[in-house]
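Down below is the structure, laid out as structure tokens.
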Amino acid sequence: MLLDSLKSAFLLLVSLDPELFEIVGVSLNVSFFSTLAAAIIGLPLGFVVAFHSFAGKRFTLTCLNTLLALPTVVIGLVVYSLISRRGVLGPLELLYTQKAIIIGQVILIIPLITTLTIAAISKIDNRYRNTALTLGANQRQIAWVIFREARYGIVAAIIAAFGRVIAEVGISMMLGGNAKGFTRTMTTAMALEYDKGEFILAVALGMILMTCAFAINMVFHFFQGRIKTDAV
Amino acid sequence: MLYELSTLKKKFGDRVVLDISSLSLEARKVYALIGPNGAGKTTLLNHLAFLDQPTAGEIRFQNEAVAYDQRNLVQLRRQVVLVDQTPILFSGSVWKNVEFGLRVRGVPRKDRAIRISTALERVGMSGFAGADSHGLSGGEVKRVALARALVLEPEVLLCDEPTANVDQQNQEVILKILEHANSMQNTSVIFSTHYLSQSRRLAHQTVLLQNGALSFDSNENTFDVVITQERAGYKCLCLDNTENQRLGEVETSRLEKGSARIRLIPSRIILHVSEDSRPNNIPSHTGTVRKIAIENNAVRIIVDVGIELSVVMSIPRYREQPPLVGQQVGVEIPDKAVIVV
Numbered sequence: 000m001l002l003d004s005l006k007s008a009f010l011l012l013v014s015l016d017p018e019l020f021e022i023v024g025v026s027l028n029v030s031f032f033s034t035l036a037a038a039i040i041g042l043p044l045g046f047v048v049a050f051h052s053f054a055g056k057r058f059t060l061t062c063l064n065t066l067l068a069l070p071t072v073v074i075g076l077v078v079y080s081l082i083s084r085r086g087v088l089g090p091l092e093l094l095y096t097q098k099a100i101i102i103g104q105v106i107l108i109i110p111l112i113t114t115l116t117i118a119a120i121s122k123i124d125n126r127y128r129n130t131a132l133t134l135g136a137n138q139r140q141i142a143w144v145i146f147r148e149a150r151y152g153i154v155a156a157i158i159a160a161f162g163r164v165i166a167e168v169g170i171s172m173m174l175g176g177n178a179k180g181f182t183r184t185m186t187t188a189m190a191l192e193y194d195k196g197e198f199i200l201a202v203a204l205g206m207i208l209m210t211c212a213f214a215i216n217m218v219f220h221f222f223q224g225r226i227k228t229d230a231v
Numbered sequence: 000m001l002y003e004l005s006t007l008k009k010k011f012g013d014r015v016v017l018d019i020s021s022l023s024l025e026a027r028k029v030y031a032l033i034g035p036n037g038a039g040k041t042t043l044l045n046h047l048a049f050l051d052q053p054t055a056g057e058i059r060f061q062n063e064a065v066a067y068d069q070r071n072l073v074q075l076r077r078q079v080v081l082v083d084q085t086p087i088l089f090s091g092s093v094w095k096n097v098e099f100g101l102r103v104r105g106v107p108r109k110d111r112a113i114r115i116s117t118a119l120e121r122v123g124m125s126g127f128a129g130a131d132s133h134g135l136s137g138g139e140v141k142r143v144a145l146a147r148a149l150v151l152e153p154e155v156l157l158c159d160e161p162t163a164n165v166d167q168q169n170q171e172v173i174l175k176i177l178e179h180a181n182s183m184q185n186t187s188v189i190f191s192t193h194y195l196s197q198s199r200r201l202a203h204q205t206v207l208l209q210n211g212a213l214s215f216d217s218n219e220n221t222f223d224v225v226i227t228q229e230r231a232g233y234k235c236l237c238l239d240n241t242e243n244q245r246l247g248e249v250e251t252s253r254l255e256k257g258s259a260r261i262r263l264i265p266s267r268i269i270l271h272v273s274e275d276s277r278p279n280n281i282p283s284h285t286g287t288v289r290k291i292a293i294e295n296n297a298v299r300i301i302v303d304v305g306i307e308l309s310v311v312m313s314i315p316r317y318r319e320q321p322p323l324v325g326q327q328v329g330v331e332i333p334d335k336a337v338i339v340v
């Protein structure tokens with residue numbers, strides 16, 4: 000049965016099935032914008048935490064590390080309570096839209112991007128900062144130097160975050176509603192097809208998802224490798 | 000005055016790493032900081048570079064007290080550049096590295112190109128302008144770091160052990176770069192080193208540090224002596240209480256009978272090359288010339304009088320009657336050459 004499903008799924012891919020690619024398109028679109036939004040928030044946050052000493056820094060790091068383990072269904076529930084018709088943000092009518100999924104996914108990956116950014120910046124030799132200082136750089140210019148030297152680690156953080164959101168199902172299902180053509184992502188479509196007992200589309204999507212995951216990991220390891228090379 | 004440090008103290012926890020009661024450094028001169036590891040050389044350089052704030056005391060730069068607020072510090076740092084003992088280059092090309100300081104100062108692109116080319120040429124790295132900074136050897140990194148500092152034409156160039164961990168050839172190149180910066184660009188140079196020879200060659204003045212404090216004990220011409228005899232104003236000094244190592248008779252009014260630690264100032268010791276020039280009425284020592292070297296418009300001569308004495312004389316005086324290596328000479332130690340330390 001598995002072989003038959005694989006064969007049919009391969010044919011579906013080769014035939015460039017419009018429904019299949021619509022689902023892939025939604026997935027990529029949602030994942031891209033949620034990663035972008037989380038990076039805009041998470042990178043400066045990580046930079047501030049890593050770069051400055053302040054009271055409660057250790058507590059902040061503990062909180063961020065704890066948030067890494069936040070289950071997607073918990074985020075789904077919290078965001079649902081906010082954007083449902085009776086929620087605080089109900090009038091914005093966000094529920095069961097791609098924006099709702101993006102909001103949930105942003106909450107999911109901000110801690111990931113922030114902690115990985117902190118790790119990347121903390122690894123940067125302090126001499127870079129002192130060199131920039133003695134060469135006359137101001138705080139903004141020093142920040143840019145550090146950011147530049149930590150760029151591979153930061154890109155790796157963003158890639159890891161993208162990999163996390165493209166493969167998650169809880170938030171997409173709870174906040175997106177799995178509406179065909181609008182909020183049906185690869186993972187929610189696979190869950191639906193499984194429920195229906197239709198494995199062909201699920202397997203085809205699984206193949207695409209695995210290909211995406213493989214590509215993401217390839218890029219991630221490329222940047223990780225660059226970090227190690229630079230450290231040497 | 001370029002720098003004036005008064006009652007400067009730096010503590011890391013309970014440990015005092017720098018404790019300087021008073022130190023003045025003049026502009027356009029070369030200063031060498033000498034001291035053993037942990038003496039406070041790097042900490043002092045960091046303070047002079049305004050990268051570190053003292054725990055107590057005051058630093059005056061160009062006759063103004065240093066205020067440690069961000070805006071003021073950026074302005075001060077733009078006049079002083081520190082080249083680290085193990086400098087780090089930013090990722091990118093050598094050119095981009097040298098360009099960094101000019102870019103942050105907003106120097107126009109056209110001017111930057113000329114200044115970068117000149118700086119790279121000065122350190123002998125013109126051929127490496129497009130090279131990846133992370134592919135350079137230790138000596139090359141130091142030279143690029145120097146170019147990155149010199150391109151800014153700073154008021155003060157601070158170098159933390161500029162010749163550490165580089166081969167002889169690169170050491171010579173680096174020392175010449177520092178010499179050139181001072182003599183041609185009028186840049187004040189302050190560098191730390193473990194080598195007395197480098198300090199003698201480059202520095203107008205040597206600052207000695209020991210346990211974070213200034214020390215006047217350079218170990219050069221410094222001896223623990225005991226006064227064993229006294230005759231008509233002259234005192235016979237023996238080294239380390241050992242009658243075998245007699246320094247001989249020294250005219251000094253500063254010593255009482257007993258033990259003392261003295262330093263004989265090299266520039267005040269008089270050499271008598273020919274027998275005729277030796278005064279008859281003043282006791283002098285006879286020694287063999289071991290080494291002659293030119294440093295800072297003067298000549299340093301190492302004379303073995305049983306122990307090695309360092310003697311400094313001006314070039315004109317040296318030319319009058321130049322001693323030769325291996326030659327027997329008379330050494331006169333006048334009263335003014337002796338300091339009790």
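These protein sequence lines are chains E and H, in that order. Here the first sequence is numbered in numbering that gives the first Met the number 0, starting from 0 and rising by one per residue. Here the second sequence is numbered in numbering that gives the first Met the number 0, starting from 0 and rising by one per residue. For glycine and all other residues, C-beta sits at the position ideal for the given N, C-alpha and C. The structure presented is a predicted model; accordingly, all values stated were derived computationally and were not measured.
Subject >> H:V288 and H:L263 closer than 8 Å at C-beta >> reply: No, these two residues do not count as a Cβ contact at 8 Å.
Original post:
Hey, how far is the Cα of E:F46 from the Cα of E:I170?
Top reply: One Cα belongs to E:F46, the other to E:I170, and the distance between them is close to 27 Å.
Original post:
Does DSSP put H:R142 in a helix, in a strand, or in coil?
Top reply: If DSSP states are grouped into helix, strand and coil, H:R142 belongs with the helices.
Original post:
With a Cβ-Cβ cutoff of 8 Å, do H:T41 and H:S191 count as a contact?
Top reply: Against a cut-off of 8 Å, the Cβ pair of H:S191 and H:T41 comes out as a contact.
Subject >> H:T241 versus H:I261: straight-line alpha-carbon distance, rounded >> reply: Summary for H:T241: the model assigns pLDDT 49, below 50, so the residue's position carries little reliability; its value from the coordinates is reported in the next sentence. Cα to Cα, H:T241 sits roughly 15 Å from H:I261.
**OP:** Just list the beta strand (DSSP E) runs in the stretch 73-155 of chain H, keeping only unbroken ones of 3 residues or longer that don't cross its boundaries, in chain order.
**Re:** The DSSP assignment places 79-82 as complete runs of the beta strand (DSSP E) inside the stretch 73-155 of chain H, in order along the chain (cut-off: 3 residues).
**OP:** State the beta-bridge partners of H:K9 as determined by DSSP.
**Re:** Answer is H:L17.
**OP:** Pull up the distance between the alpha-carbon of H:T54 and that of H:S21, whole angstroms please.
**Re:** Counting only the Cα atoms, H:S21 lies some 15 Å from H:T54.
**OP:** Return the residue from the list H:Q327, H:D334, H:A202, H:I293 that minimises the CA-CA distance to H:I314.
**Re:** Per the Cα distances, H:I293.
Original post:
At a CB-CB cut-off below 8 Å, which residues of chain H make contact with E:A155?
Top reply: By Cβ distance, chain H contributes nothing, its closest Cβ being about 16 Å from E:A155, past 8 Å.
Original post:
Taking just the CA atoms, how far does H:G325 sit from H:D239?
Top reply: Confidence is the limiting factor: at H:D239 the pLDDT is only 49, short of 50, which leaves the residue's position unreliable and the question unanswerable from this model.
Subject >> Neighbourhood of E:I112 by C-beta, 7 Å cutoff - its chain only, sequence neighbours within 5 removed >> reply: Once the five neighbours on either side are set aside, the close Cβ partners of E:I112 are A37, A38, G41, L42, G45, A156, I157, A160.
Original post:
Which residues mark the beginning and the end of the alpha helix (DSSP H) in which H:I176 is found?
Top reply: Unbroken alpha helix (DSSP H) run through H:I176: 167-184.
Original post:
Just reading off the alpha helix (DSSP H) that H:Q326 is part of, what are its end residues?
Top reply: Boundaries for H:Q326: no alpha helix (DSSP H) harbours it, and the DSSP string shows neither H nor E there.
**OP:** Return the residues of the stretch 121-144 of chain E that lie within a Cβ-Cβ distance of less than 8 Å from chain H, sorted by chain order.
**Re:** Of all residues in the stretch 121-144 of chain E, D124, R126, Y127, N129, T130, A131, L132, T133, L134, G135, A136, N137, Q138, Q140, V144 have a Cβ within less than 8 Å of some Cβ in chain H.
**OP:** Name, going along the chain, the residues of the stretch 24-53 of chain H whose beta-carbon falls closer than 9 Å to a beta-carbon of chain E.
**Re:** Answer in chain order: N45, A48, F49, L50.
Original post:
Which class does H:D275 belong to by DSSP, given the choice of helix, strand or coil?
Top reply: H:D275 falls in the helix class under three-state DSSP.
Original post:
Does any C-beta atom of chain E lie closer than 8 Å to the C-beta of H:Q69?
Top reply: With 8 Å as the cut-off, H:Q69 counts as an interface residue toward chain E.
Subject >> Any C-beta of chain E under 8 Å from that of H:L22 >> reply: Closer than 8 Å: no.
Subject >> Status (buried if at least 16 other CB within 10 Å, exposed otherwise) for H:D379 >> reply: With chain H covering 0 to 340 only, the question about residue 379 of chain H has no answer from this structure.
Subject >> Cβ shell of E:P70 (< 8 Å), same chain only, five flanking positions each side left out >> reply: Spatial neighbours of E:P70 in its own chain (CB-CB distance under 8 Å, excluding positions within 5 residues in sequence) are listed in chain order as G169.
**OP:** Answer with buried or exposed for E:L2, where buried requires no fewer than 16 other C-beta atoms within 10 angstroms of its C-beta.
**Re:** Exposed.
**OP:** Give every residue of the same chain whose Cβ lies closer than 8 Å to the Cβ of H:V110, excluding the five residues on either side of it in the sequence, and list them in chain order.
**Re:** According to the sequence shown, residue 110 of chain H is Asp rather than Val. Around H:D110: L101.
Original post:
Which residue comes first and which comes last in the alpha helix (DSSP H) that contains E:A37?
Top reply: Residues 17-50.
Subject >> Burial state of E:R163, where buried means 16 or more other Cβ atoms lie within 10 Å >> reply: Result: buried.
**OP:** Identify the contact partners of H:G134 in chain E, using a Cβ-Cβ distance below 7 Å as the criterion.
**Re:** Within 7 Å Cβ-Cβ: nothing; H:G134 doesn't reach chain E, min ~11 Å.
**OP:** Quick one: grab the DSSP three-state call for H:V65.
**Re:** Coil, per DSSP.
**OP:** Can you give me the Cβ contacts of E:L5 inside the same chain, cut-off strictly under 7 Å, excluding the 5 residues immediately before and after it?
**Re:** So the qualifying residues of the chain are V202.
**OP:** Please name the residue, chosen from E:S30, E:Y95, E:T130, that lies closest to E:T215 on a Cα-to-Cα basis.
**Re:** For the record, residue 215 of chain E in the displayed sequence is Ile; it is not Thr. Nearest option by C-alpha distance: E:S30.
**OP:** Compare the C-beta of H:G211 with all C-beta atoms of chain E and state if any pair is closer than 8 Å.
**Re:** No, no contact with chain E.
**OP:** State buried or exposed for E:M172, treating a residue as buried only when at least 16 other CB atoms are found within 10 Å of its CB.
**Re:** Classification for E:M172: buried.
Subject >> H:G286 (DSSP reduced to helix, strand or coil) >> reply: Here DSSP, grouped into helix, strand and coil, assigns H:G286 to strand.
**OP:** Give the range of the beta strand (DSSP E) segment to which H:E57 is assigned.
**Re:** Going by DSSP, H:E57 is part of the beta strand (DSSP E) stretching over 55-60.
Subject >> Neighbourhood of E:M185 by C-beta, 7 Å cutoff - its chain only, sequence neighbours within 5 removed >> reply: Excluding sequence neighbours, E:M185 sits near I22, V23, S26, L204, I207, L208.
Subject >> Minimum Cβ-Cβ distance from H:G100 to chain E less than 8 Å >> reply: So, interface residue.
**OP:** Measure the C-alpha to C-alpha separation of E:E92 and E:A68 and round it to an integer number of angstroms.
**Re:** When the Cα atoms are used, E:E92 and E:A68 turn out to be separated by approximately 29 Å.
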